[in-house]
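For what it's worth, the numbering used here labels the leading residue of the sequence shown as 22, then goes sequentially.
Glycine included, every Cβ here is placed at the ideal spot set by N, Cα and C.
Okay, so here's the structure we're looking at.
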Amino acid sequence: MNPKSAAATADEMQSDVNDAISGAEDMLAQAATSTGEKAAELRARALQQLKALRERLHDARHAAVHHSRVAARATDEYVHDHPWRSILAAASVGVVVGLLISRR
């Protein structure tokens with residue numbers, strides 16, 4: 022997954038979460054002022070919407086864990102295939118961070 026699609030997915034997920042929460046809040050607020058069958062129907066719809074949101078978040082979490090494991094595996098393979106490049110890259114980052122810290 023490239024960074025652009027990851028950011029788009031995150032934005033879409035945030036929008037979905039906000040919409041679902043707003044919708045559920047509206048339904049629960051209406052249910053609070055309603056009585057009888059109408060209130061029960063509104064509460065049931067709000068709970069159904071929150072359940073769907075929970076499932077969507079669970080799916081997103083599962084996808085994020087999967088992608089992170091794939092990235093970790095790819096990194097591990099790269100480090101094993103190119104140990105000296107990895108050591109050089111880590112040392113370079115360490116030198117840059119050390120220089121930045123010493124400038125303060």
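Note to self: Can you look up T30 in the DSSP assignment and give me helix, strand or coil?
What the structure shows: Looking at T30 - three-state DSSP - the assignment turns out to be helix.
Notebook entry, point to check: From K72 to D40, what does the alpha carbon distance come to, in whole angstroms?
Noted result: The straight-line gap from Cα to Cα measures roughly 14 angstroms.
Notebook entry, point to check: From M48 to Q35, what does the alpha carbon distance come to, in whole angstroms?
Noted result: In a straight line, the C-alpha of M48 is about 20 angstroms away from that of Q35.
Checklist line | Through-space distance from L78 to A53, alpha-carbon basis | finding: Looking at the two C-alpha atoms, the distance is approximately 27 angstroms.
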